[in-house]
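Engineer: Got a structure here, written out as structure tokens. Questions coming.
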Amino acid sequence: MTEKAEFMRLPATVNLEYKYSTGRYLGRFYKELRDNKRLVANKCGKCGRVLFPPRIACPDCMVRASDEWVEVGPQATLIFFYELQIPGLAERHAANYLGVLALDGTEAELSCFEHRLMVDDPGKLREGMRMEPVFNEEGRTGRIRDDILGFKPIEG
Amino acid sequence: MAGRAAIVGVGQTYHRSKRPDVNQIEMINEAVRAALEDAQLTPKEIDCVLFGNMEQAEGSYLMDCWATEGTGAYLKEGCKVHTGGTTGASVAEAAAHHAASGLFDTVLAVTYEKQDETPAGMGPLALVQDYLWAIHTGAFGWFARMGRKYMLETGCQEEHAAITRLKSDRCACKNPHAHLRLNLTMQDVLNSRMLLYPLRLLYMCPTTAGACALVFASEERAPKITKKPVWVKDWETVHYEMVGYEAYFTSRMTSMETAANRIYHRNGITNVRRDIQCAEIYEPSTWSELQFSEWFHFCEKGEAWRMAEKGVSDLEGEFPINPSGGVVCTNPIGCTAMVRVAEAALQIRGDAGEHQVTRDVKRAVATGFGGSFWTEMLLLQRSWD
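Chains as they are written, first to last, in the working numbering: chain A, 1 to 156; chain B, 1001 to 1385.
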């Protein structure tokens, strides 16, 4: 082999569509969100832990959860936030800032989640600040990512 | 486990950002040939082949089947093990299980990632999420938060992260297999691009193409294959619930503390830096090296940055951490945790070459870290007792 090798790179694109079942418990959460703009969680009948997101069994006790439902939030505490400076991330998440939030009535360490932050002045973002959801008012489909547009600081 | 297992062969590629000169299977084969040569074994003498990579990272399922020609698994027993970031350690632990079980005399463990072929962070890592639930950005947020919390709680300044990063670079520059060998200065580190305060580009692990292979043998076979078997004395796997927000909180016991406590307790390790001589930990960012060192009890709480400042974790130090340069210098994801095991084994054998630590390493730990804060920890020893 005296000829200089040419290292070729051949492109490929994977484009797939999936459909995921919510099940009974997460389904109820999404139905409440979609139809009533209410955020709900269920509870473990054994240890009493609020299960958010709602699910069929308590991961600590490994028993089937009770059918006791509680309303959580909609106000939340901001635990951490960051600016999406990494190329492509802001476009993918349709936001410049994301935050880790804990809804009132949930145990932060076990139930916090990430969502978009809607702020006029990012300089005012502080860990521990109180926030509330901005609901999508048209065509909610049952999905926390879409039916809540983001969280904004509670004024005053 | 009634039986014992030892590592009798170590092989890895020269990790680089791009390997256009080989395809995936050829790159895997480089590591396999290196491990077989190190063990002085032929493919026929391997009973079982275990394989792993970051699921879907290269866009294909069943890579254990596609890669048979590269791994040498043709007509042999074996399977694929994949656990995300911890895959390399999981495959090593599974191989130790297989060799110690008495069912197989020799087990080949193979892992790889060819990140130059994937859309890297924007591709496979974007798939690490629960589609039913909220937005999930993963690693960058975690490690930035970890750094910020660490600074607030311990008094650590950014320069201590920079000192730690320079230590990694000095080690990597002595390790020809390492990917990023940059001869950095303090200014280079402090001027590198801020991804997310206080996480700079140089504090984050790179995207690497590379493969690693280890040969494990049973108690009877190991001493016949090599004069320097590295015994896999103990191992531990600890999972965490759901998405793992350990980076944001500290009140719950972390998976890392749990793994370390169990390993140390079972093996009578009471003074970690005395009883263990070297650690190869999976530190996905420089900030993680500081935080994880405390969770693994390499020092007291809040002391890791002082340890770095005093040079304790240097190659020549009292307790070398990641003498290979670690994950911030080399990160072929599904293979990364196996490189930790491989490098720890080389330190025990005394075969690490220029990055061999000053201290005589009779015992070392290697760890894996993965999504949702899984932890794996292996205890390796020069002699069983």
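Idealized CB from N, CA, C, for every residue including glycine.
Helix or strand or just coil, what does DSSP make of Lys-1149 (chain B)?
Structural biologist: Note: Lys-1149 (chain B) maps to helix in three-state DSSP.
Engineer: Would you grab the beta carbon distance between Asp-1047 (chain B) and Thr-1106 (chain B) for me? Rounded to a whole angstrom, and I think it's under 8 Å.
Structural biologist: Indeed they touch by this definition, with Cβ atoms about 5 Å apart.
Engineer: Give the interface partners of Ala-1134 (chain B) over in chain A, defined as CB-CB distance under 8 Å, in chain order.
Structural biologist: Residues of chain A passing the Cβ test: Phe-113, Glu-114, His-115, Ile-144 and Arg-145.
Engineer: Does chain B have any CB closer than 8 Å to the CB of Pro-53 (chain A)?
Structural biologist: Yes - at least one Cβ of chain B is within 8 Å of the one on Pro-53 (chain A).
Engineer: What is the DSSP secondary structure of Gln-1381 (chain B), counted as helix, strand or coil?
Structural biologist: Three-state result, Gln-1381 (chain B): strand.
Engineer: Between the alpha carbons of Asp-158 (chain A) and Gly-1011 (chain B), how many angstroms are there, rounded?
Structural biologist: This structure does not reach residue 158 (chain A), given that chain A is present from 1 up to 156, and the question cannot be answered.
Engineer: Got a sec: is the Cβ-Cβ distance from Arg-1145 (chain B) to anything in chain A below 8 Å?
Structural biologist: It does; some Cβ of chain A falls within 8 Å.
Engineer: Taking only the alpha-carbon atoms, compute the straight-line gap between Arg-92 (chain A) and Val-1232 (chain B) and give it to the nearest angstrom.
Structural biologist: Their Cα atoms are separated by approximately 44 Å.
Engineer: Can you give the Cα-Cα distance for Ala-1039 (chain B) and Ser-1101 (chain B), rounded to whole angstroms?
Structural biologist: Cα-Cα distance, rounded: 20 Å.
Engineer: Among residues of its own chain, excluding the 5 on either side of Glu-1045 (chain B), which ones have a beta-carbon nearer than 7 Å to its beta-carbon?
Structural biologist: So the list reads Thr-1106, once near-sequence residues are dropped.
Engineer: Taking C-beta to C-beta, are Val-1186 (chain B) and Leu-1166 (chain B) nearer than 8 Å?
Structural biologist: The residue asked about is misnamed: residue 1186 (chain B) is Met in this sequence, not Val. Yes. Within cutoff.
Engineer: Does the distance from the C-beta atom of Ser-1324 (chain B) to that of Glu-1343 (chain B) stay below 8 Å?
Structural biologist: Against a cut-off of 8 Å, the Cβ pair of Glu-1343 (chain B) and Ser-1324 (chain B) comes out as a contact.
Engineer: Can you list the beta strand (DSSP E) stretches of 3 or more residues lying completely in the region 1151 to 1236 of chain B, in chain order?
Structural biologist: Complete beta strand (DSSP E) runs here, min 3: 1194 to 1196 and 1209 to 1218.
Engineer: With 8 Å set as the bound, which would you pick, yes or no: does the beta-carbon of Gly-1317 (chain B) sit closer than that to a beta-carbon of chain A?
Structural biologist: Closer than 8 Å: no.
Engineer: Tell me where the alpha helix (DSSP H) around Lys-31 (chain A) begins and ends.
Structural biologist: Residues 23 to 36.
Engineer: For Leu-1315 (chain B), which residues does DSSP report across the bridge?
Structural biologist: According to DSSP, which records beta bridges pairwise, Leu-1315 (chain B) is partnered with nothing at all.
Engineer: How about Leu-41 (chain A) and Val-72 (chain A): do their beta carbons lie closer than 8 Å?
Structural biologist: A quick correction: the sequence has Ala, not Leu, at residue 41 (chain A). Result yes, Cβ atoms of Ala-41 (chain A) and Val-72 (chain A) sit closer than 8 Å.
Engineer: Taking contact to mean 3 or more Cβ pairs, one atom from each stretch, closer than 8 Å, check whether the region 1016 to 1035 of chain B and the region 147 to 154 of chain A are in contact.
Structural biologist: Flag = no, the region 1016 to 1035 of chain B and the region 147 to 154 of chain A do not touch.
Engineer: Please list the segments of the alpha helix (DSSP H) lying wholly inside the region 1031 to 1087 of chain B, counting only runs of 4 or more residues, in order along the chain.
Structural biologist: Here the runs fully enclosed are 1063 to 1066 and 1068 to 1071.
Engineer: So, with DSSP's three-state summary, where would you put Val-1327 (chain B)?
Structural biologist: Looking at Val-1327 (chain B) - three-state DSSP - the assignment turns out to be coil, as it is neither helix nor strand.
Engineer: Write down every uninterrupted run of the alpha helix (DSSP H) in the region 88 to 145 of chain A whose length is 4 residues or greater and which is fully enclosed by it, in chain order.
Structural biologist: Counting whole runs of 4 or more residues, the region 88 to 145 of chain A contains the alpha helix (DSSP H) stretches 89 to 93 and 108 to 111.
Engineer: So, at 6 Å on beta carbons, what are the nonlocal neighbours of Tyr-1074 (chain B) in its own chain, with the 5 sequence-adjacent residues on each side left out?
Structural biologist: Thr-1068, listed in sequence order.
Engineer: Return the Cβ separation of Asp-1234 (chain B) and Arg-1273 (chain B) in integer angstroms, given the expectation that the two are a contact with Cβ distance under 8 Å.
Structural biologist: Incorrect: roughly 18 Å between the Cβ atoms, too far for contact.
Engineer: So the candidates are B:Thr-1336, B:Thr-1254 and B:Gln-1347; which of them puts its Cα closest to the Cα of Val-1091 (chain B)?
Structural biologist: That would be B:Thr-1336, whose Cα lies nearest to the Cα of Val-1091 (chain B).
Engineer: CA-CA distance, Gly-29 (chain A) and Glu-1037 (chain B)?
Structural biologist: For the sequence presented, residue 29 (chain A) should be read as Phe rather than Gly. Phe-29 (chain A) and Glu-1037 (chain B): Cα-Cα distance of roughly 58 Å.
Engineer: Looking at the structure shown, is Gly-1371 (chain B) part of a helix, part of a strand, or coil, going by DSSP?
Structural biologist: It is helical.
Engineer: Closest Cβ-Cβ distance between Tyr-1131 (chain B) and chain A: below 8 Å?
Structural biologist: Chain A, which has a Cβ nearer than 8 Å to the Cβ of Tyr-1131 (chain B), makes this yes.
Engineer: Taking the alpha-carbon positions, what's the Thr-141 (chain A) to Asp-67 (chain A) distance?
Structural biologist: Spanning the two alpha carbons is a distance of roughly 24 Å.
Engineer: Which partner residues of Pro-153 (chain A) appear in the DSSP bridge assignment?
Structural biologist: The partner list for Pro-153 (chain A) (beta bridge, DSSP) reads A:Met-131.
Engineer: Consult DSSP for Leu-1103 (chain B) and reduce its assignment to one of helix, strand or coil.
Structural biologist: The answer is coil: DSSP assigns Leu-1103 (chain B) none of H, G, I, E or B.
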